[in-house]
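Q: Dropping a structure here in structure tokens format, bear with me for questions.
There are 2 protein chains.
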Amino acid sequence: MQLHPMWDAYPNLQTDLKDVLTTIEKSIQIRDKQVEKNVKDLIHAGGKLLRPAYALLAAQIGPDHDRDRAIAVAGALEVLHMATLIHDDVVDDAPTRRGIPTIHSKYGRNYAVYTGDYLFCICFKILSSHANSVENIEFNSKNIEKILMGELDQMRMRYDINVTVRQYLSRISGKTAQLFALSTFSGASQSKATRFQVRNAWNIGHYLGMAFQIIDDVLDYTSSDDGLGKPVLNDVKQGVYTLPLIYAMQKHPSEFQPLLEKQLDMSDEDLEQLLVLIAKYKGVEQAFTLADKYTKKALREIKKLPAGAYRDQMYELTSSILKRNI
Amino acid sequence: MQLHPMWDAYPNLQTDLKDVLTTIEKSIQIRDKQVEKNVKDLIHAGGKLLRPAYALLAAQIGPDHDRDRAIAVAGALEVLHMATLIHDDVVDDAPTRRGIPTIHSKYGRNYAVYTGDYLFCICFKILSSHANSVENIEFNSKNIEKILMGELDQMRMRYDINVTVRQYLSRISGKTAQLFALSTFSGASQSKATRFQVRNAWNIGHYLGMAFQIIDDVLDYTSSDDGLGKPVLNDVKQGVYTLPLIYAMQKHPSEFQPLLEKQLDMSDEDLEQLLVLIAKYKGVEQAFTLADKYTKKALREIKKLPAGAYRDQMYELTSSILKRNI
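Going down the list, the protein sequences come from chains B and L. According to the working numbering, the first sequence is numbered sequentially starting from 3. According to the working numbering, the second sequence is numbered sequentially starting from 3.
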């Protein structure tokens with residue numbers, strides 16, 4: 003089983019994450035063995051497993067650390083993440099994910115829709131067979147609802163040139179930070195951590211999720227897929243306006259309007275021009291500054307946790323994944 | 003609030019079903035008010051509400067009849083049904099459902115995928131806020147998993163001319179009977195019915211679900227949408243081979259093969275020819291005979307329940323919805 007090399011620096015976590023993958027693999031049984039294989043390939047295609055990792059670390063906050071239960075809950079969170087990825091790929095018509103063909107490009111969107119649904123159920127199945135209480139599950143389903151509201155919001159705001167920073171933050175809070183917060187929360191709450199610590203854990207996930215998504219969105223403007231040095235610009239091509247663009251637009255909306263109004267008909271020159279404008283108004287720098295603020299908040303919250311090796315690992319992990327260059 | 007006129011004959015159930023719709027309506031809050039309206043229109047567009055009705059009736063089997071809880075669980079079941087319908091419409095590219103435009107034809111498949119996901123979560127949210135125990139939820143999510151397996155199976159077997167009666171029954175057992183069984187089961191188990199009665203309730207739902215789906219599938223060969231008297235034949239056009247065809251095919255496969263091999267290219271004459279063959283080998287009659295068997299099994303199980311007005315209603319309802327002409 004091949005994990006992302008980043009985990010070589012965390013041997014304990016590496017062992018646990020391998021068990022998370024085994025748990026997930028065991029719970030997925032699709033009669034169509036081709037689809038099953040594809041789902042399992044996706045599991046092993048080197049996703050970073052950040053959400054389960056944070057759940058595992060947070061499960062060591064309280065006095066009642068039950069390794070098996072922690073691994074199960076971490077697995078449920080990754081399955082949920084996979085379900086949303088598969089449905090996102092249907093929506094975005096993405097040809098590949100983690101370097102392998104997406105379910106929908108290989109088997110049609112029909113399979114992809116139902117396979118995503120199936121994984122949602124697997125998530126609830128794992129959760130309910132390991133949850134402490136009904137309250138815990140209720141909490142989880144309310145959260146998952148918020149995650150989906152974030153996705154619906156994102157679609158609703160496509161091509162909206164009046165989108166505000168506040169709306170953007172609310173959207174990524176639902177779409178991304180919610181699942182990270184759910185991960186650290188679930189870990190902490192099952193370990194019988196104090197009420198304060200559980201809230202603490204929730205905040206860690208929330209802040210790091212915000213920073214993570216902002217950085218991810220910035221990378222769409224700054225990094226290239228093909229090695230030719232050209233930024234990907236997938237978001238803006240799909241009408242999803244993220245923080246660097248929103249910040250820049252605020253400075254001088256009328257300069258952006260004629261470009262963005264073309265929507266799907268934006269040419270390569272238009273995109274080039276957009277990058278020039280974003281650079282002119284320092285959209286990327288400003289976005290990084292906000293990401294840094296969230297990172298610092300996350301790190302500050304981590305320091306409030308009871309001391310221990312797990313806390314040091316969480317601190318180190320958070321610092322390293324939120325470095326700008328990854 | 004307009005319910006299907008069939009409920010006029012059951013005033014108590016009618017009142018309860020109206021409260022089920024109110025519960026569902028309250029639990030659905032989508033920021034995009036247009037989509038919310040569309041989802042709510044779908045709720046009120048005169049679906050038969052059979053699944054919640056059976057859950058409500060079954061909730062009167064045991065001694066502990068809690069009306070509020072019964073209504074909540076019935077609502078969760080209908081929401082689950084709606085979620086699968088919305089995703090089915092995405093998969094089938096259906097333009098309308100219950101006479102109103104489908105979510106995906108009106109807002110795009112993107113919205114439809116996420117709206118279905120959202121309703122899945124609403125279902126779990128309602129269930130978990132009213133469930134007796136974690137075991138109950140676990141049971142439910144395992145069942146929903148089976149329902150989705152039925153959908154995946156159906157797609158896997160598209161255009162498979164070797165599909166057997168057994169495979170067909172296993173598919174509709176997952177796709178349809180499972181949700182009916184879950185409805186009667188959930189009703190009974192929350193009413194503190196005995197273990198025997200709960201199993202009894204499960205069987206009722208299973209048998210009536212089997213009969214219901216077989217009849218529904220037969221209607222695709224015998225009834226017309228447009229009043230012109232031409233059968234719809236939606237299933238066979240989409241490569242979904244149902245019982246009348248499977249029975250007829252078994253008699254003389256080689257007569258069917260050249261027609262069905264054309265798959266999407268079947269002409270109107272080919273379809274006409276297919277109907278002739280199915281009539282020749284009495285596929286429809288044989289399918290009705292099997293539906294009757296399941297109906298009788300369901301009625302026999304209902305008679306085993308403790309006597310009461312609810313039992314008489316269940317018996318009458320089951321007899322009337324499984325009459326061949328609806």
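Note that beta-carbon positions come from the ideal geometry of N, C-alpha and C, so glycine has one too. Since the structure is predicted, the reported quantities are computational estimates derived from the model, not experimental observations.
(1) Give the interface partners of E153 of chain B over in chain L, defined as CB-CB distance under 7 Å, in chain order.
(2) Please check if any C-beta of chain B sits within less than 7 Å of the C-beta of M84 of chain L.
(3) To the nearest angstrom, report how far apart L5 of chain B and E27 of chain B are at their CA atoms.
(4) If you follow the alpha helix (DSSP H) that I206 of chain B is part of, which residue opens it and which one closes it?
(5) Give every residue of the same chain whose Cβ lies closer than 7 Å to the Cβ of W9 of chain B, excluding the five residues on either side of it in the sequence, and list them in chain order.
(6) If I follow the unbroken alpha helix (DSSP H) through I174 of chain L, where does it start and stop?
(7) Identify the residues that DSSP records as bridge partners of T98 of chain B: which are they?
(8) What distance in whole Å lies between the Cβ atoms of H89 of chain B and V81 of chain L, which are believed to be in contact at a cut-off of 8 Å?
(9) 7 Å is my cut-off, CB to CB: does V81 of chain L come that close to chain B?
(10) Pairing CB atoms from the region 190-200 of chain B with CB atoms from the region 315-323 of chain B, are three or more of them under 8 Å?
(11) Let's test the definition: count the other Cβ atoms within 10 Å of the Cβ of M212 of chain B and tell me whether it reaches 16, buried, or not, exposed.
(12) Which same chain residues end up closer than 6 Å to T244 of chain B when comparing Cβ atoms and leaving out the 5 residues on each side of it in sequence?
(13) How about L262 of chain B and L235 of chain B: do their beta carbons lie closer than 7 Å?
(14) Could you tell me the distance, in whole angstroms, from the CA atom of K148 of chain L to the CA atom of K127 of chain B?
(15) R33 of chain B versus chain L: which residues are under 9 Å apart at the beta carbon?
(16) Against chain B, with Cβ distances strictly below 7 Å, would H89 of chain L count as a contact?
(17) Please determine, among B:N145, B:L150, B:L324, the residue with the shortest C-alpha to C-alpha distance to I216 of chain B.
(18) Assuming the contact rule is C-beta atoms closer than 8 Å, S130 of chain B and S131 of chain L should be a hit. Round their C-beta distance to whole Å, please.
(19) Let me see if you follow: with CB-CB separation under 7 Å, is I146 of chain B close to chain L or not?
(20) Given a threshold of 16 other Cβ atoms within 10 Å of its Cβ, counted over all protein chains shown, does S225 of chain L qualify as buried or as exposed?
(21) Going by DSSP in three states, H83 of chain B sits in which element: helix, strand or coil?
(22) So, is the C-beta of V200 of chain B closer than 7 Å to a C-beta in chain L?
(23) Among B:Y161, B:A195, B:C125, which one has its Cα closest to the Cα of P54 of chain B?
(24) Would T178 of chain L and I206 of chain L qualify as a contact pair, given that the criterion is a beta-carbon distance under 7 Å?
(25) Of the residues B:H106, B:V37, B:I32, which one's Cα is nearest the Cα of M151 of chain L?
(26) Out of B:D294, B:A311, B:K299, B:L247, state which residue places its alpha-carbon closest to the alpha-carbon of W204 of chain B.
(27) On a CA-only basis, which of L:F182, L:R302, L:Q199 is nearest L79 of chain L? Give me that one, please.
(28) What does the Cβ neighbour count give for N164 of chain B, buried or exposed, with the cut at 16 atoms within 10 Å?
(29) Would you list, in chain order, the members of the region 11-26 of chain B that have their beta-carbon closer than 7 Å to a beta-carbon of chain L?
(30) Any idea if A289 of chain B is buried or exposed, counting beta-carbon neighbours within 10 angstroms, 16 or more meaning buried?
(31) Do the CB positions of A250 of chain L and Y223 of chain L come within less than 7 Å of each other?
(32) Could you list the residues in the region 213-240 of chain L with a C-beta less than 7 Å from some C-beta on chain B, going in chain order?
(33) Compare the beta carbon distance of D155 of chain L and I102 of chain L with 7 Å and say whether it is the shorter of the two.
(34) Would you mind sorting D70 of chain L into buried or exposed? The rule is 16 or more other CB atoms within 10 Å of its CB.
(35) So I63 of chain L is in the alpha helix (DSSP H); what residue range does that whole segment cover?
(36) Which of the three DSSP states, helix, strand or coil, is assigned to H46 of chain L?
A: Judging by the given coordinates:
(1) Y116
(2) no
(3) 14 Å
(4) Going by DSSP, I206 of chain B is part of the alpha helix (DSSP H) stretching over 197-224.
(5) L15, Q16, L19
(6) 167-174
(7) DSSP output for T98 of chain B lists B:P103 as bridge partner(s).
(8) About 18 Å; that fails the 8 Å criterion.
(9) no
(10) no
(11) buried
(12) D219, D237
(13) Cβ atoms of L262 of chain B and L235 of chain B: not closer than 7 Å.
(14) 12 Å
(15) Residues of chain L passing the Cβ test: M151, L154, D155, R158.
(16) Chain B contact via Cβ: present.
(17) B:L324
(18) The Cβ separation is near 14 Å, so there is no contact.
(19) Contact with chain L is found for I146 of chain B, since one of that chain's Cβ atoms lies less than 7 Å from the residue's Cβ.
(20) exposed
(21) helix
(22) no
(23) B:C125
(24) no
(25) B:I32
(26) B:K299
(27) L:F182
(28) exposed
(29) none
(30) buried
(31) no
(32) none
(33) With contacts defined as CB atoms closer than 7 Å, D155 of chain L and I102 of chain L fail to qualify as a contacting pair.
(34) exposed
(35) That residue, I63 of chain L, is in no alpha helix (DSSP H); it is neither H nor E in DSSP.
(36) helix
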